[in-house]
Amino acid sequence: MGSRWGIGVVNSFVGGLRDALFGLSRVVAVLRDSSTVRKKLFETWVLNGFVLAFSVIAFDHIVIPLLQSLINNFIHLLPGNQDTEPQIGFIISLVRYLFSALWVLPLFWLNKPISSIWFLEIADEVLRQMKESDKKKSKVLKTKKGLEPCWLVFFLLLVFFSAIAT
1 MGSRWGIGVV NSFVGGLRDA LFGLSRVVAV LRDSSTVRKK LFETWVLNGF
51 VLAFSVIAFD HIVIPLLQSL INNFIHLLPG NQDTEPQIGF IISLVRYLFS
101 ALWVLPLFWL NKPISSIWFL EIADEVLRQM KESDKKKSKV LKTKKGLEPC
151 WLVFFLLLVF FSAIAT
């Protein structure tokens, strides 16, 4: 019974890998043929990757060090300069909290519905293209049930596992 389960797992894994590899050509075709999909993916990338991620990275690597330097210089100008690390740490923590509460969180909440709408538009466009593609095709390819002789998938698995073993 254990060997049947193992064969089923391998068959499922190989089938999923095959679907992913062969589905990649369909993804490329959709991106090639649809300016709507390309535009929406680009907008999503700009919103998620540039606006949200870049603002957090810029804040952590530009604003915070600059603010630490300014606060450190200002505190050292005051008379009775003592150990200023606790004060600087408190101010930086407060600024990080305010940035997260007033910029990152609202932008994240705004990002979710906008991205959902864009992905819905992408899905509608892909569905429309798939229906048009199916109408053009008169013959539908059918796969055999059971273990498919997919030599490319087995070759990729062999390369993958041999790379892991070394």
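Per this note's numbering, the sequence shown starts with residue 1, numbered consecutively. Just so you know, even glycine gets a beta-carbon here, dropped at the ideal spot from N, CA and C.
C-alpha distance - residue i paired with residue j, whole-angstrom precision
i: G15; j: I122; result: 26 Å
i: H61; j: R128; result: 44 Å
i: V46; j: A53; result: 10 Å
i: E85; j: V63; result: 18 Å
i: D134; j: V9; result: 31 Å
i: R32; j: H76; result: 60 Å
Cβ neighbour criterion (16 or more within 10 Å) applied to residue i
i: V27; result: exposed
i: K40; result: buried
Simplified DSSP state of residue i, which is helix, strand or coil
i: T84; result: coil
i: S35; result: helix
i: P113; result: helix
i: P79; result: coil
Short Cβ contact (8 Å threshold) for residue i with residue j
i: N111; j: N48; result: yes
i: E125; j: S34; result: yes
i: T44; j: W118; result: yes
i: F59; j: F108; result: no
i: I92; j: L67; result: yes
Cutoff 8 Å; reference residue i; Cβ partners in own chain excluding five residues on either side
i: G89; result: none
Cut-off 6 Å between Cβ atoms - residues of its own chain near residue i, not counting five sequence neighbours on either side
i: L190; result: The first residue shown for the chain is 1 and the last is 166, placing residue 190 beyond what the model contains.
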